[in-house]
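In this text, residue positions in the sequence shown follow my numbering: the first is 13, and each later residue adds one.
All remarks here apply to the structure that follows.
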Amino acid sequence: MTINGEQKILQKISTLNQLYLKMLEFTLEETTEIDVEISKLDNNYFVENPSFFSEYKRLFSNDSLHKLKNELNNLGDIIDSHQTNLCNNHEWIDDTIDIDCEKSMCITYCTKCETSKKHN
Ligand SMILES: [Zn+2]
């Protein structure tokens, strides 16, 4: 079975999404571990060096990492359903649509999935 251009691009987006999710999960584990290690320190190094540390806390906050993880999971589900339902072999048909009572426009679209074709 041949794979069309849309499927190749969807596959790339899906792979990127999965890699991003793996990296996020790793980041969540590491940031949790860092918090534990800081709590075990016998000094206030991270309390007394707040400029870089507060920037780190802002960029790697648990809330924003979890929020991003949920958004990527949702995107993954949507991509999965598109991959399952993607038209494999378009059947193009030409059609004329009326723009107003005087103008009409020719479009080409797939009868199976309704994707329209670019007119160059
Ligand atoms: Zn199609």
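For every residue, glycine included, the Cβ atom is placed at its ideal position computed from N, Cα and C.
Since we're looking at a predicted model, the values are computed, not measured.
- Query: Any chance the CB of H102 is under 7 Å from a heavy atom of ligand 1?
  - Reply: yes
- Message: Distance cutoff 8 Å, beta carbons only. Does S116 sit that close to anything in chain C?
- Response: Included in the structure is just one protein chain, with no chain C present.
- Message: According to DSSP, simplified to helix, strand and coil, what is D106?
- Response: strand
- Got a sec, what are the start and stop residues for the alpha helix (DSSP H) S91 sits in? It is worth fixing the name first, because residue 91 is Ile in this sequence and not Ser. From DSSP, the alpha helix (DSSP H) with I91 extends over 74 to 97.
- Query: Looking only at its own chain, which residues have a Cβ that is under 7 Å from the Cβ of I50, when we skip the five neighbours before and after it?
  - Reply: F58
- Task: Pull up the DSSP beta-bridge partners for I21, would you.
- Result: Paired residue(s): none; I21 is not in a bridge.
- Task: Quick one: residues in its chain with C-beta nearer than 8 Å to the C-beta of I91, no 5 flanking neighbours on either side, listed in chain order?
- Result: L22, I25, S26, N29
- Just the C-alpha distance for C118 and I111, rounded to the nearest angstrom, thanks. 10 Å
- Query: Could you give the distance in angstroms between the alpha-carbon of L80 and the alpha-carbon of S63?
  - Reply: 24 Å
- Between D89, H94, K34, K69, which lies nearest to E18 when the distance is taken from Cα to Cα? H94
- Message: One question on the structure: do Y121 and K115 come within less than 8 Å of each other, judged by their Cβ atoms?
- Response: no
- Message: Tell me the residue span of the alpha helix (DSSP H) that contains S116.
- Response: Not the alpha helix (DSSP H): S116 falls in the beta strand (DSSP E), residues 116 to 122.
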